[in-house]
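Asks:
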DNA sequence: AAGTGGTCTAGACCACGGC
DNA sequence: CCGTGGTCTAGACCACTTC
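Protein chains in written order, with the numbering used here: chain E, 70 to 307; chain G, 70 to 307.
(1) If the cut-off is 7 Å on Cβ atoms, which residues from the region 241-265 of chain E count as contacting chain G, listed in chain order?
(2) Tell me residue 203/E's beta-bridge partners as DSSP assigns them.
(3) Going by beta carbon distance, what residues of the same chain come within less than 7 Å of residue 275/E, once the five residues before and after it are set aside?
(4) List in chain order: all unbroken alpha helix (DSSP H) runs of 4+ residues lying wholly within the region 166-236 of chain G.
(5) Answer with yes or no whether the minimum CB distance from residue 268/E to chain G is below 7 Å.
(6) Can you name, in chain order, every residue of its own chain whose Cβ lies under 7 Å from the Cβ of residue 257/G, other than the five neighbours on each side?
(7) Return the chain-ordered list of same chain residues with a C-beta closer than 6 Å to the C-beta of residue 296/G, the five sequence neighbours on each side being excluded.
(8) Could you check which residue in 202/E, 108/E, 238/E and 193/E has the C-alpha nearest to that of residue 222/E?
(9) Would you be able to state if there are at least three C-beta pairs under 8 Å between the region 78-88 of chain E and the region 117-130 of chain E?
(10) Span of the alpha helix (DSSP H) holding residue 82/G?
(11) For residue 73/G and residue 102/G, I'd like the C-alpha separation in whole angstroms.
(12) Go through its chain and collect everything with a Cβ distance to residue 247/E's Cβ below 6 Å, but skip five positions before and after it.
(13) Quick check on this structure: which residue in 240/G, 129/G, 182/G and 191/G has the alpha carbon closest to the alpha carbon of residue 169/G?
(14) The alpha helix (DSSP H) that contains residue 113/E, what's its start and end?
(15) Can you name the start and end residues of the beta strand (DSSP E) that residue 286/G belongs to?
(16) Cα separation between residue 213/G and residue 281/G?
(17) Which of the three DSSP states is assigned to residue 96/E in this structure?
(18) Residues of the region 278-302 of chain G in Cβ contact with chain E at a cutoff of 7 Å, in chain order, please.
(19) Taking 6 Å as the cut-off, is the CB of residue 101/E close to at least one heavy atom of the ligand MG?
(20) Run through chain E and tell me which residues come within less than 8 Å of residue 135/G, C-beta to C-beta.
(21) Exposed or buried, residue 116/G, counting other C-beta atoms within 10 Å across all chains shown (16 or more means buried)?
(22) In terms of alpha-carbon separation, which member of 195/G, 173/G and 298/G lies closest to residue 259/G?
(23) With respect to the alpha helix (DSSP H) encompassing residue 255/E, which residues constitute its N-terminal and C-terminal limits?
(24) Cβ of residue 129/E less than 7 Å from any chain G Cβ?
(25) Enumerate in chain order the residues of its own chain whose CB-to-CB distance from residue 204/G is below 6 Å, with the five nearest sequence positions on each side excluded.
(26) Just to confirm the assignment, what range does the beta strand (DSSP E) spanning residue 296/E have?
(27) Is the Cβ-Cβ distance between residue 119/E and residue 78/E less than 7 Å?
(28) Give every residue of the same chain whose Cβ lies closer than 8 Å to the Cβ of residue 187/G, excluding the five residues on either side of it in the sequence, and list them in chain order.
(29) Can you tell me which of the three DSSP states residue 125/G falls into?
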């Protein structure tokens, strides 16, 4: 955990976020940073590339690394952030109501989404997320029992991700996400406060472990007024 | 343009997409690839890291690089792709109708979005995108005249990005994207086929050049049934 | 011409997985 | 134990910007 380039990256992030380095100004050059941190230039470059990837700086050849003004990407659904992490950043009191927690044989749809056989069993979890007294989000999780043998209502109310990563020591590695807009189902209308709303934003999430095995499928159904997705993208010049 | 690591990356992409390397199988090890391509290991690692970032492989320490089954991310709004590139991938005949092309002093909203003064002038471009005979998307572009002195209706009908990158030689570097859902405005109803639809999906795009200067603000307003956003995200373990 | 970032090399040691 | 990927080094040359 004492990664040099990560340490340097985090150190510079801290300086940028604290405003110690002015936006639109230049970072010290790579050669200067190399001496400053007492390391090789390639290691500095790893740190700077990470900063560029995360939208903190823009590297310009022959010139230097420009610090980008960070317009506070305050709702980063992008990047695999869980509900509790999100609510915390929004500064509101979240509440989670577990509507269902059962172990079932997968139906056709789930079998397809999770890419498994009829013999596997799957946890069905249905949760409503309440923020500021309003039921805003319906989360439907499907977890392969092969990877998650046991789970309780208390865990679902707290944080499934925390349980998976810290108790079961599963390493979540990457996800494929899809966002679409549909008409609400009867279930949506039943469980959420949808009076006066005509659509629902659906985020489908396919979550993979570090060995590239698919272990979870999640549908996160958002009331449209409270949905916001922010993304930082670099143009591929290939 | 004869980048070694890019060449290697593209070569492996081609093999994966052609199915010459089976999904869930392992790539040759980095040491083998190093000999195979006659290069250093760090160069191979650059190519592999790019592959991982683009969702082609999953690297596992002590094991190797697993080829991920590519579920054809067929509508990658993610990654700064333009409308014409998109329509092409969808295999449908797109049509662009230019409703407005004018040079104006910015109003309060645009001044704020583009972060400019009252003295700058701004191109206002309003275009409707038609796919399969239906008016689906309303694109409203605002370009700082400082970077784009001249533009014509023909260019807007074809591809603004193509003009900027190939004629003006502007290098688009990165963008901040925001997706929200709102009620349609009178203008939306007027210009698009929105009969029976109650919401509109808005993609706000702030586009930056390579020197980190903001030069374009775009609002892309989609009919909800034809909107789809796909994303590949890696979990940050920091 | 001097300074910047971009690429590349040939080695080294470490952490981890599987046999 | 061996092979894997992860980190790191000290140099080199190149392309580009600025003066």
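All C-beta atoms in this analysis are idealised placements derived from N, C-alpha and C, irrespective of residue type, glycine included.
Replies: Working from what's here:
(1) Answer in chain order: 241, 242, 243, 244, 245, 246, 247, 248, 249 and 250.
(2) Answer is 200/E, bridged to residue 203/E.
(3) Same-chain partners within the cutoff: 244, 245, 283 and 286.
(4) Counting whole runs of 4 or more residues, the region 166-236 of chain G contains the alpha helix (DSSP H) stretches 177-183 and 222-227.
(5) Flagged as an interface residue toward chain G: residue 268/E, by a C-beta distance shorter than 7 Å.
(6) Cβ neighbours of residue 257/G beyond the five flanking positions: 207, 263, 269 and 290.
(7) Contacts found: 270.
(8) Measuring from the Cα of residue 222/E, the nearest candidate turns out to be 193/E.
(9) Segments in contact, yes.
(10) 73-86 is the span of the alpha helix (DSSP H), which, as asked, contains residue 82/G.
(11) For residue 73/G and residue 102/G, the gap between their C-alpha atoms comes out near 13 Å.
(12) By the criterion of a C-beta distance shorter than 6 Å, residue 247/E is surrounded in its chain by 273, once the five residues flanking it on both sides are discounted.
(13) Here the closest residue by C-alpha is 191/G.
(14) For residue 113/E, the enclosing alpha helix (DSSP H) stretches over residues 110-122.
(15) DSSP places residue 286/G in the uninterrupted beta strand (DSSP E) bounded by 283-291.
(16) Their backbone Cα atoms lie some 14 Å apart in a straight line.
(17) In this structure, DSSP gives residue 96/E a state outside helix and strand, which the three-state scheme calls coil.
(18) Cβ proximity to chain E below 7 Å picks out 279, 280, 281, 293, 296, 297, 298, 299, 300, 301 and 302 from the region 278-302 of chain G.
(19) With respect to small molecules bound, the structure shown includes none, and the ligand MG cannot be examined in it.
(20) Chain E residues near residue 135/G: 280 and 281.
(21) Buried, because 16 or more other Cβ atoms sit within 10 Å of the Cβ of residue 116/G.
(22) Considering only alpha carbons, the answer is 195/G.
(23) Boundaries of the alpha helix (DSSP H) around residue 255/E: 255-260.
(24) It does; some Cβ of chain G falls within 7 Å.
(25) Closer than 6 Å at Cβ, skipping near neighbours: 197, 261 and 262.
(26) Element bounds for residue 296/E: n/a, residue is neither H nor E.
(27) Yes; because the gap between Cβ atoms is below 7 Å, this pair is in contact.
(28) If you ignore the 5 residues before and after residue 187/G, its C-beta comes within less than 8 Å of the C-beta of 174, 175 and 180, all in its own chain and listed in chain order.
(29) Reduced to three states, the DSSP call for residue 125/G is coil.
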